[in-house]
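To start, the structure under review is shown below, and the notes come after it.
If you want it as structure tokens, here you go:
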């Protein structure tokens, strides 16, 4: 009996381990190839490079323009996340706590994108940005990113604001605080965990975003890293070492954030999924 | 005085409402409007064509339906294999295992990677000349199976689907695991005292309690997979010869060709299909709850 249990345990571990290796292999392959010279890439199939070759990174960074793409991605991610947190938390607080006409309906409309899929709206969005003169501009892309994160941000923050006891606000009103003071000094600090979850969740989402960047931007100098990768791949088809270096540059920030802030990302995922 | 109170309250909500109106509602409404025109996106006169775009798409556009079927095939594979794998892993980990944190961390790495990164790494792995997959196959004596995985029309769709499932199973895994962990342990203890083995426990205790979560995961899998794009674009751009074309890549293709009316009509049809699929899922889940 106990040997049967042992056997079951062992096979469980084998399954878990095999899947873990399948998960990690492409990533390790990318990292190890990014450190091999062009000659070694086609001859040495081992995961460990014979000689560490950092030139791929410096070439990708400078000649491959990844320095520019990387900086652009930082700008888009920072501005996008800041916008989502600011505009989202203001709106969520208003809907959760202030007297506003039709606020239940407003809330329902704002979270439509969480319930109903709206595919292909990128076509009229392209037309709209063109009319507004925002096509191929940084601000156009940033505005779209902020808008894309609002629905989930408002949904999550509203539920957090609603859990805060009303007495806190009432006491502050008696002390003569304005609603803006209440919002900044009392309410925002109390929803820090939700803000952190949203910040990290949206950082990963915006850093990885591709489709909007594809339709909105034409100028390579404005492109984020995901688009830069496609541009680089199109012109340096078989320079795998440099391409893998570029892919690693695009991946490392997200991987580091994930390993450090796993808790928040998982929270965002499960909160997002269990909304239904 | 009272009115002033309301106005400054509205200031909290205004930025979000404005953005949403401009960047979500307007494009959404505009999709329907553009779909009854023939328009290149540039010329000032749009030609009204009524439902012609819709009729052309539904009756005559084989590639559109091929793109729907392709996405459907990937979705079916993801619904079965990907979610089954996610469930098996979640159940094993839920039963208590050493290194739980390690496995959880590793399984969720593919979902946080970008579609473009994953697509480009796998494109190389699959490459007919320089790809590691063929090297491994010939190493273990299966040279016969080696092929240019993504440019062979017979293997392209399945190859893409495998990458999609590789990237996606960690998602379902995390959601299923968090669902499993809410099941009170006493239920398992009680049923094992009643003599249920672990398969019976799974069938009579776990499954009924997990049905709502199964539905959430299925809806997310369906909606997410049908709208697959980044992986397709970075691996095959819909090729070879439309073998991996999916609705979003096809809509994008028409948009880049400046056929905006046709592109938006496809978007409307595709949107309606997705909407019906999610309604259907919700209806089924309601019925199951009653049983």
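Protein chains in written order, with the working numbering: chain A, 989 to 1264; chain B, 15 to 305. Positions of the beta carbon are idealized from the N, C-alpha and C atoms, including for glycine. Computed from a prediction, not measured in an experiment: that's the story for all the values here.
Check: In its own chain, which residues sit with a C-beta less than 6 Å from the C-beta of residue 75 of chain B, not counting the 5 before and 5 after it?
Finding: The residue labelled residue 75 of chain B in the question sits at position 61 within the second chain. If we look at residue 75 of chain B and ignore the five residues flanking it on each side, it has no Cβ neighbours.
Notebook entry, point to check: CB residue 190 of chain B to CB residue 219 of chain B, shorter than 7 Å?
Noted result: Counted from its first residue, the second chain places residue 190 of chain B at position 176. Counted from its first residue, the second chain places residue 219 of chain B at position 205. Their beta carbons are not under 7 Å apart, which means residue 190 of chain B does not touch residue 219 of chain B by this criterion.
Next item on the list: Note down the Cα distance separating residue 195 of chain B from residue 1133 of chain A, rounded to an integer number of angstroms.
Entry: Within the second chain, the letter at position 181 stands for residue 195 of chain B. Within the first chain, the letter at position 145 stands for residue 1133 of chain A. The alpha-carbon atoms of residue 195 of chain B and residue 1133 of chain A are separated by roughly 34 Å.
Item checked: Within chain A, the residues that residue 285 of chain B reaches when beta carbons sit closer than 7 Å -> Mapped onto the second chain, residue 285 of chain B falls at position 271. Here the neighbours are 1105, 1106, 1107 and 1108.
Next item on the list: Give a yes or no on whether 7 Å exceeds the smallest Cβ distance from residue 1069 of chain A to chain B.
Entry: Taking the first chain and counting its residues from 1, one reaches residue 1069 of chain A at position 81. Chain B contact via Cβ: absent.
Next item on the list: Check residue 62 of chain B in the structure and name its three-state DSSP category.
Entry: Residue 62 of chain B sits at position 48 when you count from the first residue of the second chain. Strand at residue 62 of chain B.
Next item on the list: Please go through the same chain and pick out, in chain order, the residues whose beta-carbon is closer than 6 Å to the beta-carbon of residue 151 of chain B, but skip the five residues on each side of it.
Entry: For the purposes of this step, residue 151 of chain B is taken as residue 137 along the second chain, with counting starting at 1. The residues are 159 and 160.
Margin query: Taking the alpha-carbon of residue 82 of chain B as reference, which of B:257, B:94 and B:22 has the nearest alpha-carbon?
Written below: Counting from 1 along the second chain, the entry for residue 82 of chain B is found at position 68. Of the candidates B:257, B:94 and B:22, the one whose C-alpha sits nearest the C-alpha of residue 82 of chain B is B:257.
Next item on the list: Could you work out which residue in A:1123, A:1181, A:1240 and A:1082 is closest to residue 21 of chain B when comparing CA atoms only?
Entry: Counting from one through the second chain, the residue named residue 21 of chain B turns up at place 7. Measuring from the Cα of residue 21 of chain B, the nearest candidate turns out to be A:1082.
Note to self: Excluding the 5 residues flanking residue 1231 of chain A on each side, which residues of the same chain have their C-beta closer than 7 Å to its C-beta?
What the structure shows: Counting from one through the first chain, the residue named residue 1231 of chain A turns up at place 243. Taken in chain order, the residues that qualify are 1220, 1221 and 1224.
Notebook entry, point to check: So what does DSSP say about residue 1227 of chain A, is it helix, strand or coil?
Noted result: Within the first chain, residue 1227 of chain A is the residue found at index 239, counting from 1. DSSP places residue 1227 of chain A in coil when its eight states are reduced to three.
Check: Expressed to the nearest angstrom, what Euclidean distance is found between the alpha-carbon atoms of residue 1264 of chain A and residue 289 of chain B?
Finding: By one-based count along the first chain, residue 1264 of chain A stands at place 276. By one-based count along the second chain, residue 289 of chain B stands at place 275. Because the pLDDT of residue 1264 of chain A is 44, which lies under 50, any placement of that residue in the model is unreliable, and the number read from its coordinates should be weighed accordingly. Roughly 15 Å between the two C-alpha positions.
Next item on the list: Quick one: which residues of the stretch 256 to 280 of chain B get their C-beta closer than 9 Å to a C-beta of chain A? List them in chain order.
Entry: 261, 262, 265, 266, 268, 269, 270, 274, 277, 278 and 280
Margin query: Using only the alpha-carbon positions, how far apart do residue 295 of chain B and residue 23 of chain B sit?
Written below: In the second chain, residue 295 of chain B corresponds to position 281, counting from 1. In the second chain, residue 23 of chain B corresponds to position 9, counting from 1. One C-alpha to the other measures close to 39 Å.
Notebook entry, point to check: Tell me which same chain residues have a C-beta within less than 8 Å of the C-beta of residue 171 of chain B, skipping the five on either side of it?
Noted result: Position 157 of the second chain, counting from 1, holds the residue named residue 171 of chain B. Around residue 171 of chain B: 84, 87, 88, 257 and 258.
Margin query: So with CB distances below 8 Å, who are the chain A contacts of residue 136 of chain B?
Written below: Translated into the one-based positions of the second chain, residue 136 of chain B becomes position 122. Simply 1014.
Check: Listed in chain order, which residues of the stretch 26 to 55 of chain B have Cβ atoms closer than 7 Å to some Cβ of chain A?
Finding: 26, 27, 29, 30, 31, 33, 34, 37, 38, 40, 41, 42, 44, 45, 48 and 55
Margin query: When you compare the CB positions of residue 278 of chain B and residue 134 of chain B, do they come within less than 7 Å of one another, or not?
Written below: Within the second chain, numbered from 1, the residue matching residue 278 of chain B stands at position 264. Within the second chain, numbered from 1, the residue matching residue 134 of chain B stands at position 120. No. Outside cutoff.
Item checked: Nearest-angstrom Cα separation, counted from residue 154 of chain B out to residue 1007 of chain A -> The residue labelled residue 1007 of chain A in the question sits at position 19 within the first chain. The residue labelled residue 154 of chain B in the question sits at position 140 within the second chain. Rounded to whole angstroms, residue 1007 of chain A to residue 154 of chain B spans 20 Å at the Cα level.
Note to self: Just verifying my parser: in three-state terms, what is the DSSP assignment at residue 1197 of chain A?
What the structure shows: Position 209 of the first chain, counting from 1, holds the residue named residue 1197 of chain A. Of the three classes helix, strand and coil, the one that applies to residue 1197 of chain A here is coil, per DSSP.
Checklist line | Separation of residue 174 of chain B from residue 145 of chain B, as counted between CA atoms | finding: For the purposes of this step, residue 145 of chain B is taken as the residue at position 131 of the second chain. For the purposes of this step, residue 174 of chain B is taken as the residue at position 160 of the second chain. So the two alpha carbons sit approximately 15 Å from each other.
Next item on the list: Kindly identify the DSSP beta-bridge partner or partners of residue 995 of chain A.
Entry: Locating residue 995 of chain A in the first chain gives position 7, where the first residue counts as 1. Answer by DSSP bridge pairing: none, since residue 995 of chain A is not bridged.
Notebook entry, point to check: So with Cβ pairs under 7 Å, would you call residue 1009 of chain A a contact of chain B?
Noted result: Position 21 of the first chain, counted from the first residue, corresponds to residue 1009 of chain A. So no, residue 1009 of chain A is outside the interface.
Check: Who does residue 51 of chain B pair with in a DSSP beta bridge?
Finding: As a position in the second chain, residue 51 of chain B is number 37, starting the count at 1. Answer is B:62.
Checklist line | Residue from B:156, B:179, B:141 and B:168 whose Cα sits closest to the Cα of residue 162 of chain B | finding: Taking the second chain and counting its residues from 1, the one referred to as residue 162 of chain B is at position 148. Minimum Cα distance to residue 162 of chain B is reached at B:141.
Next item on the list: Out of B:136, B:211, B:212 and B:223, point me to the one whose CA is closest to residue 197 of chain B's CA.
Entry: Working through the second chain from its first residue, we reach residue 197 of chain B at position 183. Taking only the C-alpha atoms, the option nearest residue 197 of chain B is B:223.
Notebook entry, point to check: Which chain B residues sit within Cβ distance under 7 Å of residue 1135 of chain A?
Noted result: Mapped onto the first chain, residue 1135 of chain A falls at position 147. In chain order: 33, 34, 37 and 38.
Check: Ordered along the chain, which non-local residues of its own chain (more than five positions away) have a Cβ less than 7 Å from that of residue 55 of chain B?
Finding: Translated into positions along the second chain, residue 55 of chain B becomes position 41. Closer than 7 Å at the Cβ level, and outside the excluded window around residue 55 of chain B, lie 272 and 274.
Check: By Cβ distance, which residues of its chain are closer than 6 Å to residue 1198 of chain A, with the 5 residues on each side in sequence left out?
Finding: Position 210 of the first chain, counted from the first residue, corresponds to residue 1198 of chain A. Closer than 6 Å at Cβ, skipping near neighbours: 1214.
Item checked: Sufficient close CB pairs (3 or more, under 8 Å) joining the stretch 235 to 247 of chain B to the stretch 1070 to 1084 of chain A -> no
Note to self: Report the CB separation of residue 184 of chain B from residue 124 of chain B in whole angstroms; it is logged as a contact under 8 Å.
What the structure shows: As a position in the second chain, residue 184 of chain B is number 170, starting the count at 1. As a position in the second chain, residue 124 of chain B is number 110, starting the count at 1. Correct: roughly 6 Å between the Cβ atoms.
Note to self: What ranges does the alpha helix (DSSP H) occupy inside the stretch 175 to 203 of chain B, keeping only unbroken runs of at least 4 residues that lie completely in it?
What the structure shows: none
Check: Taking C-alpha atoms, which residue in B:59, B:248, B:182 and B:193 lies nearest to residue 95 of chain B?
Finding: On the second chain, position 81 is the one that residue 95 of chain B refers to. Taking only the C-alpha atoms, the option nearest residue 95 of chain B is B:182.
Checklist line | Residue-chain proximity (residue 24 of chain B, chain A), Cβ-Cβ < 7 Å | finding: Within the second chain, the letter at position 10 stands for residue 24 of chain B. Closer than 7 Å: yes.
Notebook entry, point to check: Going by C-alpha distance, which of A:1024, A:1234, A:1253 and A:1247 is nearest residue 1048 of chain A?
Noted result: The residue you call residue 1048 of chain A lines up with position 60 of the first chain. Nearest of A:1024, A:1234, A:1253 and A:1247 to residue 1048 of chain A, Cα basis: A:1234.
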